[in-house]
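Heads up, the sequence shown is in my numbering, so the first residue is 41 and it goes up one at a time. By construction, the Cβ of each residue, glycine as well, lies at the ideal position given by its N, Cα and C atoms. Below: the structure, in structure tokens.
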Amino acid sequence: MVKQPYSQGRMLSIVVPTLNERDNVRALVQRLDDALSGLDWEVIFVDDDSTDGTPDVIRELSASDTRVRLLQRIGRKGLSSAAIEGLLSASAPILAVMDGDLQHDEKALPEMCGKIRDGSSDLVVASRYLTGGDFGNWSKGRRLVSQIATTLAGKLFGSQISDPMSGFFAMRREVFQSTMRKLSGIGFKLLLDILLSMPRGFQVAEVPLKFNARESGESKMNFAAAWDLVFMLMEKRLANLFPARFLMFCTIGTLGLFIHLTILRILYGSAQLDFAAAQLGATVFAMTSNYFLNNHLTFRPNQRRGLRALSGLASFYLVCSIGLVANVGVAQAVFNQQGAWWLSGIAGALVGAIWNYAVSSNITWRT
Ligand code: GDD
Ligand code: MN
């Protein structure tokens, strides 16, 4: 691999995903300016349609400072995918990703860059686990969950570094370019995605990170982000054979079967409804709950809200009804050939699931 010289031109592009960080972005640019004096840098904010006016503040900054750029995304969500798009638009040979809420200490950047410039490292992670690093004011509970996830990821993937969950890192452009077509881009943990997609031979180093307390705005970390992490890791483990979103869809589908049986039991067993009516009721109930779970989790980056959530539900009913016809048709065909009821059942269910996923992801959620 030919290492590019770092002599002239812009040295560092910093990508900062933002979602409702109005009161933080101006201070961040000021702090970068202080910390990076003498270095040629740019910052690319990738905003996912913040509702608090964040993009306006960034645009204003950008109008008077050519080092500041804004990439505004509409109808999409996701920290990792936002960072990837910012990285794709970056111009420097060294690329960094950091949060826009002042929780990542920008003073670590010169050292991170230095390790890349002197050729000793290709990827430098700011780690909360190194001596000198810490978790700031994270609650005991969140710290514990994060540490368990980090240990598990380390065990599962043989990760060499102490903090693969860090959202603050810098890398040579070549590292990003060697992984960008393999990334899942799902959820919050882009660094882990990169580490698991990276060819051997790159040098990884760490520097300590003191995690600052959040002063303004609020954290976007929630159950959905943890759920995304699990499926992103599964996708990596299965060598990208099954896309994470399909796995999520099937998990929710399986859950739907339990919901279906529970409702059927209530309607048929307890409420003494006619079997066909009970089965119909259970089916509609399960389809509806599947729709909302998928809307919230599987297709969160393209989530439908308000009235669009209802029209989406109608299209989901339609897609699933056709899926059901395909399911029964295929099962019947296999049954005629084979005679094994269970094989026919599985074949039908599989074809139905693939149909429902492929069509609803294109029509209902337009991914
Ligand atoms: N564009 C975009 N889209 N930005 C987002 C989104 C999104 O959907 N969700 C969050 N962000 C931005 C926030 O505005 C913030 O700048 C940054 O991403 C981090 O989000 P937080 O919600 O503040 O994350 P956190 O403090 O809970 O988690 C941090 O700590 C983790 C350490 O384990 C983040 O730094 C993670 O990246 C980090 O891995
Ligand atoms: Mn934060």
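Residue i in three-state terms, based on DSSP
| i | result |
| --- | --- |
| P283 | coil |
| L110 | strand |
| L142 | coil |
| A132 | coil |
| I292 | helix |
| V380 | Contrary to the premise, residue 380 reads as Ala rather than Val in this sequence. In the structure shown, A380 sits in coil (DSSP, three-state: anything other than H, G, I, E or B). |
| W178 | coil |
| P150 | helix |
| S77 | coil |
| P248 | strand |
| E61 | coil |
| A253 | coil |
| E275 | helix |
| L320 | helix |
| A366 | helix |
| E82 | strand |
| R212 | strand |
| I403 | coil |
| L163 | strand |
| D87 | strand |
| L223 | coil |
| S329 | helix |
| L52 | strand |
Identity of the residue in the options nearest residue i by Cα
| i | options | result |
| --- | --- | --- |
| D87 | A122, I201 and N342 | A122 |
| W267 | S77, Q378 and L287 | L287 |
| V391 | G369, L76 and R107 | G369 |
| L149 | L68, Y357, R348 and T106 | L68 |
| L230 | G207, S218 and K250 | G207 |
| R340 | R116, D203 and R348 | R116 |
| K260 | E61, G49 and Q48 | E61 |
| D92 | V65, L350 and E246 | V65 |
| K147 | L79, S129, V108 and L192 | L79 |
| P248 | A166, L295, N376 and E151 | A166 |
| T171 | E246, G198, V215 and A132 | E246 |
| F251 | L119, L142, I394 and L101 | L142 |
| A130 | R168, R99 and F216 | F216 |
| G140 | H300, T302 and I98 | I98 |
| T58 | R168, M138, L307 and Q372 | M138 |
Cβ of residue i within 8 Å of any chain D Cβ
| i | result |
| --- | --- |
| L350 | Chain labels in this structure do not include chain D; a single protein chain is all it has. |
Contact test: residue i Cβ vs the ligand GDD heavy atom, cutoff 7 Å
| i | result |
| --- | --- |
| M4 | Outside the shown range of the chain (41 to 407) lies residue 4, about which nothing can therefore be said. |
| S202 | no |
| M205 | yes |
| S186 | yes |
| F87 | Here residue 87 turns out to be Asp, not Phe, going by the sequence shown. Checking every heavy atom of the ligand GDD against the Cβ of D87, one is found closer than 7 Å. |
| A122 | yes |
| K117 | yes |
| K155 | no |
| T338 | no |
| T328 | no |
| L79 | no |
| L347 | no |
| P57 | yes |
| K229 | yes |
Exposed unless 16 or more other CB atoms sit within 10 angstroms - verdict on residue i
| i | result |
| --- | --- |
| L163 | buried |
| W382 | exposed |
| Q312 | exposed |
| N334 | buried |
| E125 | buried |
| P239 | exposed |
| F298 | exposed |
| Q343 | buried |
| E82 | buried |
| T404 | buried |
| E275 | buried |
| L235 | buried |
| L184 | exposed |
| S160 | exposed |
| D309 | Reading off the sequence shown, one finds Gly at residue 309, where the question assumed Asp. Classification for G309: exposed. |
Residue i CB to nearest heavy atom of the ligand MN below 7 Å
| i | result |
| --- | --- |
| D63 | no |
| D141 | yes |
| R254 | yes |
beta-carbon residue i near the ligand NAD non-hydrogen atom, thresh 7 Å
| i | result |
| --- | --- |
| S259 | Among the ligands in the structure shown, the ligand NAD does not appear; only the ligand GDD and the ligand MN can be found there. |
task: Count the C-beta pairs between the region 211-227 and the region 186-195 that are closer than 8 Å, then say yes if the count reaches three, no if not.
output: Judged by Cβ distances under 8 Å, the region 211-227 makes no contact with the region 186-195, as fewer than three pairs qualify.
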